[in-house]
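**Q** First the structure, then my questions, so here it is.
Protein chains in written order, with the numbering used here: chain X, 88 to 330; chain W, 266 to 360.
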């Protein structure tokens, strides 16, 4: 145990070790050491380090720690690809009904089982929850523009996000097909064009790893700033109490 | 009272002591066991403020002595604590 306390004492600043290490070791030879003394020594050493550092060093250290943690987190977030298709239609179409039908449990469940989506999650999560997740997070149907002048011309995008880019494209294609089928069955369209066929994404849509690292760096700098001011405040309070 | 700086000053008030002797003395009179990091954190701060000073060591163990400045600070703190203790006792009696 004493070995661990001695190791913890290596974290004290070099100047402190030069002045106190010999007598600290001599004291340890006599003391009955407990586990909590290892943490007590480590805490003392780190506090001493922070108080001996200048503003820039504290800021830089915390910033780099924040960035390193964020980088580790960013690498653990699975990569996802988004495939998108853009369609334009004119004429009378019940878009709301079509969207509801496409995003219905029956329709999405068929897509999930047919394309073998979310294989790991399906082992321990009810299908209802997987469908809800797919509907809320992975499938997106968005209106793009509604130019004036023409009779009900609508452009919208259908996209699907998934860790496998080929499956992302295949599912988007399936959703577009279903969408057009329902539209043709329920509305009286004058035209329906696929402006952009389902894309094969080359670059991941998420996560934005640089963004996560930058956020970690920012939070680290903010923590460093807080620590630096807290230490400065503590030193001022101690000096005031000393006089 | 668990402020390590006051405990160290109180321990040195009746004579010079090295780290281990302070630790044992504080445990006896205050019932508080200071960890090695806490004790040497307090010793470092007190020496920086000039409230204690190292005295000649015969071996690796270095004894410390309280300075006049440290004694004055300890007296002020004890008076302040004494006033609090007296007020609390008085109020407890009348409660």
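We treat Cβ as the ideally placed atom computed from N, Cα and C, and that holds for glycine.
Can you pull the chain W residues whose beta carbon is under 8 Å from the beta carbon of residue 111/X, in chain order?
**A** Here residue 111/X refers to the residue found at position 24 when the first chain is read from its first residue. Chain W residues near residue 111/X: 284, 301 and 305.
**Q** I think residue 319/W touches residue 327/W, with their Cβ atoms under 8 Å apart; what is that distance to the nearest whole Å?
**A** Start at 1 with the first residue of the second chain, and residue 319/W comes out as number 54. Start at 1 with the first residue of the second chain, and residue 327/W comes out as number 62. Residue 319/W to residue 327/W, Cβ: 5 Å. Contact.
**Q** On the criterion of 16 or more Cβ atoms from any shown chain inside 10 Å, does residue 294/W qualify as buried, or is it exposed?
**A** For this step, residue 294/W is matched to residue 29 along the second chain. Looking at its Cβ environment, which holds fewer than 16 other Cβ atoms inside 10 Å, residue 294/W is exposed.
**Q** Let's test the definition: count the other Cβ atoms within 10 Å of the Cβ of residue 191/X and tell me whether it reaches 16, buried, or not, exposed.
**A** Taking the first chain and counting its residues from 1, the one referred to as residue 191/X is at position 104. Answer is exposed; the Cβ neighbour count stays below 16.
**Q** Sorted by chain position, which residues of the same chain lie with C-beta nearer than 8 Å to residue 317/W's C-beta, five sequence neighbours on each side aside?
**A** Translated into positions along the second chain, residue 317/W becomes position 52. Contacts found: 273, 274, 277, 308, 311, 329, 330, 331, 332 and 335.
**Q** Our contact map puts residue 228/X next to residue 199/X with C-beta atoms below 8 Å; I'd like the distance itself, whole angstroms only.
**A** Counting from one through the first chain, the residue named residue 228/X turns up at place 141. Counting from one through the first chain, the residue named residue 199/X turns up at place 112. Actually they do not touch by this definition, with Cβ atoms about 17 Å apart.
**Q** Residue 305/W by DSSP, collapsed to three states: which one?
**A** In the second chain, the residue the question calls residue 305/W occupies position 40. Residue state, collapsed to three classes: helix.
**Q** When you compare the CB of residue 138/X with every CB in chain W, is at least one pair closer than 7 Å?
**A** Within the first chain, residue 138/X is the residue found at index 51, counting from 1. Judged by the 7 Å Cβ criterion, residue 138/X is not in contact with chain W.
**Q** Looking only at C-alpha atoms, which of 153/X, 144/X, 276/X and 89/X sits nearest to residue 117/X?
**A** Within the first chain, residue 117/X is the residue found at index 30, counting from 1. Measuring from the Cα of residue 117/X, the nearest candidate turns out to be 89/X.
**Q** Between the C-alpha atoms of residue 197/X and residue 172/X, what's the straight-line distance to the nearest angstrom?
**A** On the first chain, position 110 is the one that residue 197/X refers to. On the first chain, position 85 is the one that residue 172/X refers to. Whole-angstrom Cα-Cα distance: 20 Å.
**Q** For residue 284/W, which option in 91/X, 246/X and 113/X has the closest C-alpha, if you only look at C-alpha atoms?
**A** Position 19 of the second chain, counted from the first residue, corresponds to residue 284/W. Taking only the C-alpha atoms, the option nearest residue 284/W is 113/X.
**Q** Quick test of the definition: if touching needs 3 or more C-beta pairs under 8 Å, does the stretch 259 to 269 of chain X touch the stretch 278 to 296 of chain X?
**A** The answer is yes - the stretch 278 to 296 of chain X touches the stretch 259 to 269 of chain X, with three or more Cβ pairs under 8 Å.
**Q** So, do the stretch 152 to 164 of chain X and the stretch 295 to 303 of chain X have three or more beta carbon pairs nearer to each other than 8 Å?
**A** Touching, yes, given that three or more Cβ pairs across the two stretches are closer than 8 Å.
**Q** Any beta carbon of chain W sitting closer than 7 Å to that of residue 127/X?
**A** The residue labelled residue 127/X in the question sits at position 40 within the first chain. With 7 Å as the cut-off, residue 127/X counts as an interface residue toward chain W.
**Q** Look up residue 325/W in the DSSP assignment and say whether it is helix, strand or coil.
**A** Start at 1 with the first residue of the second chain, and residue 325/W comes out as number 60. Of the three classes helix, strand and coil, the one that applies to residue 325/W here is coil, per DSSP.
**Q** Taking DSSP as the reference, what is the three-state secondary structure of residue 167/X?
**A** On the first chain, residue 167/X is found 80 positions in, with the first residue counted as 1. Note: residue 167/X maps to strand in three-state DSSP.
**Q** So, is the C-beta of residue 88/X closer than 7 Å to a C-beta in chain W?
**A** One-based indexing of the first chain puts residue 88/X at position 1. Not closer than 7 Å to any Cβ of chain W, the Cβ of residue 88/X fails to qualify, so no.
**Q** Assign residue 203/X to buried or exposed, taking buried as 16 or more other Cβ atoms, counted over all protein chains shown, within 10 Å of its Cβ.
**A** Sequence index remark: in the first chain, residue 203/X carries index 116 (1-based). With fewer than 16 Cβ atoms within 10 Å of its Cβ, residue 203/X is classed as exposed.
**Q** In angstroms with no decimal places, state the Cα-to-Cα distance between residue 96/X and residue 292/W.
**A** Mapped onto the first chain, residue 96/X falls at position 9. Mapped onto the second chain, residue 292/W falls at position 27. About 22 Å.
**Q** Would residue 208/X and residue 292/X be called neighbours here (beta carbons separated by less than 7 Å)?
**A** Within the first chain, numbered from 1, the residue matching residue 208/X stands at position 121. Within the first chain, numbered from 1, the residue matching residue 292/X stands at position 205. Taking 7 Å as the Cβ cut-off, residue 208/X and residue 292/X do not qualify as a contacting pair.
**Q** I want to verify the contact list: residues of chain W whose CB lies under 7 Å from the CB of residue 131/X, in sequence order.
**A** Indexing the first chain from 1 puts residue 131/X at position 44. Within chain W, the residues near residue 131/X are 302, 303, 305 and 306.
**Q** Is the stretch 127 to 143 of chain X close to the stretch 99 to 114 of chain X, with three or more CB pairs under 8 Å?
**A** Cβ pair count under 8 Å is three or more, so yes.
**Q** Straight-line CA distance for residue 241/X to residue 175/X?
**A** Within the first chain, numbered from 1, the residue matching residue 241/X stands at position 154. Within the first chain, numbered from 1, the residue matching residue 175/X stands at position 88. Taking the straight line joining both Cα atoms gives about 6 Å.
**Q** Using a threshold of 7 Å, state whether the C-beta atoms of residue 145/X and residue 307/X are closer than that.
**A** Position 58 of the first chain, counted from the start, is the residue given in the question as residue 145/X. Position 220 of the first chain, counted from the start, is the residue given in the question as residue 307/X. Going by C-beta atoms, residue 145/X is not nearer than 7 Å to residue 307/X.
**Q** With respect to the beta strand (DSSP E) encompassing residue 352/W, which residues constitute its N-terminal and C-terminal limits?
**A** In the second chain, residue 352/W corresponds to position 87, counting from 1. Residue 352/W -> not in any beta strand (DSSP E); alpha helix (DSSP H) instead, spanning 333 to 359.
**Q** Just to confirm the assignment, what range does the alpha helix (DSSP H) spanning residue 200/X have?
**A** Walking along the first chain from the start, residue 200/X turns up at place 113. From DSSP, the alpha helix (DSSP H) with residue 200/X extends over 192 to 202.
**Q** Residue 223/X: buried (16+ other C-beta within 10 angstroms of its C-beta) or exposed?
**A** Indexing the first chain from 1 puts residue 223/X at position 136. Flag for residue 223/X reads exposed.
**Q** Measure from the alpha carbon of residue 164/X to the alpha carbon of each residue in 250/X, 189/X, 179/X and 206/X, then state which is nearest.
**A** Sequence index remark: in the first chain, residue 164/X carries index 77 (1-based). Comparing Cα-Cα distances from residue 164/X to each of 250/X, 189/X, 179/X and 206/X, the minimum goes to 250/X.
**Q** What does the alpha-carbon distance come out to for the pair residue 314/W and residue 288/W?
**A** Counted from its first residue, the second chain places residue 314/W at position 49. Counted from its first residue, the second chain places residue 288/W at position 23. Near 21 Å, if we compare the C-alpha coordinates of residue 288/W and residue 314/W.
**Q** Can you tell me whether residue 280/X is helix, strand or coil according to DSSP?
**A** Within the first chain, residue 280/X is the residue found at index 193, counting from 1. Three-state DSSP puts residue 280/X in a strand.
**Q** Would you kindly report the start and end of the unbroken alpha helix (DSSP H) that includes residue 273/W?
**A** What you label residue 273/W is simply residue 8 of the second chain in a count that begins at 1. Taken as a continuous stretch (DSSP letters only), the alpha helix (DSSP H) holding residue 273/W covers 269 to 277.
**Q** Measuring straight from C-alpha to C-alpha, what distance separates residue 346/W and residue 290/W?
**A** Residue 346/W sits at position 81 when you count from the first residue of the second chain. Residue 290/W sits at position 25 when you count from the first residue of the second chain. Distance between the alpha carbons of residue 346/W and residue 290/W: 20 Å.
**Q** Is residue 114/X close to chain W, meaning its C-beta is less than 7 Å from at least one C-beta of that chain?
**A** Working through the first chain from its first residue, we reach residue 114/X at position 27. For residue 114/X, the answer is yes, since a Cβ of chain W falls inside 7 Å of its Cβ.
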